[in-house]
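Q:
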Amino acid sequence: MCGRISTAGISADILKAHFDIESVFPFTLSYNVVPTLQIPAIIEQNNIRKLEAFRWGLIPHWARDKNIMATAFNARAESVVHKPLFRESIKSKRCLVLATGFYEWQVSCGKKQPYYIFRADKRPLAFAGLWDVWEDDVTGEAIESCTIITTAATHQMIPIHERMPVVLERDIYDTWLDPEFNETDVLQELLIAPKQDVLEMYPVSNYVSNSRNDGEECIERL
DNA sequence: CCAGACGTTGTT
DNA sequence: GTCTGG
DNA sequence: CCAGACGTTGTT
DNA sequence: GTCTGG
104 MCGRISTAGI SADILKAHFD IESVFPFTLS YNVVPTLQIP AIIEQNNIRK LEAFRWGLIP
164 HWARDKNIMA TAFNARAESV VHKPLFRESI KSKRCLVLAT GFYEWQVSCG KKQPYYIFRA
224 DKRPLAFAGL WDVWEDDVTG EAIESCTIIT TAATHQMIPI HERMPVVLER DIYDTWLDPE
284 FNETDVLQEL LIAPKQDVLE MYPVSNYVSN SRNDGEECIE RL
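FYI, the numbering for the first sequence is 104 to 325, going by my numbering.
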């Protein structure tokens with residue numbers, strides 16, 4: 104799993120209804136959302152922000168230069184609580200990264216077949232995410248960055264890929280978004296046991312494999 | 001103590 | 001910032 | 001993550 | 001092979 108996700112079909116009203124949020128930002132629908140584009144995110148309770156402002160890949164506030172952790176594009180649920188890179192964010196800078204679905208490439212016989220994966224109930228997915236703010240000592244430039252947490256694939260996903268993003272359920276949102284809550288053992292429990300049978304998937308064309316491509320064709324069933 | 005690392009995926 | 005390795 | 005580029009000079 | 005852009 105990586106940053107290739109889709110916001111196809113999400114609207115502000117849908118987000119309000121599903122996430123119990125009072126205000127949302129205006130944003131653009133995208134079928135093939137790459138890490139730096141319009142991925143909505145909820146940061147803390149009742150405060151939803153456009154992830155466009157965020158850089159994909161967590162840059163911890165203590166990083167000497169902003170490129171040092173360019174490859175922290177995912178965090179593993181199994182270790183996120185203990186890793187120096189994530190241990191601060193996991194305590195008080197958790198967020199939800201919202202999408203209607205994501206893509207994963209199944210490799211067999213050396214060929215890659217992309218799949219579109221989404222909730223069977225058609226609701227938006229809420230990925231468990233982390234964020235942080237990094238400031239340049241010299242220029243004062245501030246960069247907000249984020250990442251999502253991955254876990255072992257559910258039995259449904261296994262045929263396609265070994266890992267998948269942590270998809271949180273509605274009853275978890277409040278706890279996950281509460282910056283005061285920092286019982287890391289409880290948080291880890293939430294992450295490592297993904298709910299089964301929540302997702303549905305179908306193969307899509309290779310059109311989506313080029314991240315410059317966007318539009319309905321990305322999620323058309325083959 | 002100080003210095004240096006701090007990450008994941010996928011592929012080999 | 002905080003942990004690990006030496 | 002995957003796909004695609006990977007370069008410079010001079011001219012508009 | 002490795003980096004960049006999306």
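Beta carbons are placed, not taken as given, at the ideal position from N, Cα and C, and that holds for glycine.
Keep in mind the model is a prediction, meaning the values are calculated, not measured.
Would you list, in sequence order, the uninterrupted alpha helix (DSSP H) runs of no fewer than 4 residues that lie entirely inside the region 260-321?
A: 276-280, 287-295
Q: How about residue 208 and residue 215: are their beta carbons less than 7 Å apart?
A: yes
Q: What does the Cβ neighbour count give for residue 170, buried or exposed, with the cut at 16 atoms within 10 Å?
A: exposed
Q: What's the gap between the Cα of residue 320 and the Cα of residue 308?
A: 8 Å
Q: Helix, strand or coil: how does DSSP classify residue 193 here?
A: Note: residue 193 maps to helix in three-state DSSP.
Q: If you reduce the DSSP assignment to three classes, tell me which class residue 120 lands in.
A: helix
Q: Could you tell me the alpha carbon to alpha carbon distance between residue 234 and residue 206, rounded to whole angstroms?
A: 22 Å
Q: Using CA coordinates, which residue listed in 264, 241, 220, 192 is at the minimum distance from residue 232?
A: Between residue 232 and the set 264, 241, 220, 192, the nearest pair of CA atoms involves 192.
Q: Only counting the same chain, and skipping five residues up and downstream in sequence, which positions put a Cβ closer than 7 Å to that of residue 181?
A: Around residue 181: 295.
Q: Which class does residue 178 belong to by DSSP, given the choice of helix, strand or coil?
A: strand
Q: Three-state secondary structure (DSSP) at residue 115?
A: helix
Q: From the DSSP output, which residues share a beta bridge with residue 249?
A: Beta-bridge pairing links residue 249 to 159, 234.
Q: May I have the straight-line CA-CA distance separating residue 245 from residue 211, to the nearest angstrom?
A: Inter-residue distance for residue 245 and residue 211 is about 43 Å (C-alpha atoms, whole angstroms).
Q: On the DSSP bridge list, what partners appear for residue 188?
A: DSSP output for residue 188 lists no bridge partner at all.
Q: Going by C-alpha distance, which of 188, 226, 269 is nearest residue 116?
A: 226
Q: Name the residue from 218, 267, 260 whose alpha carbon lies nearest to the alpha carbon of residue 230.
A: 267
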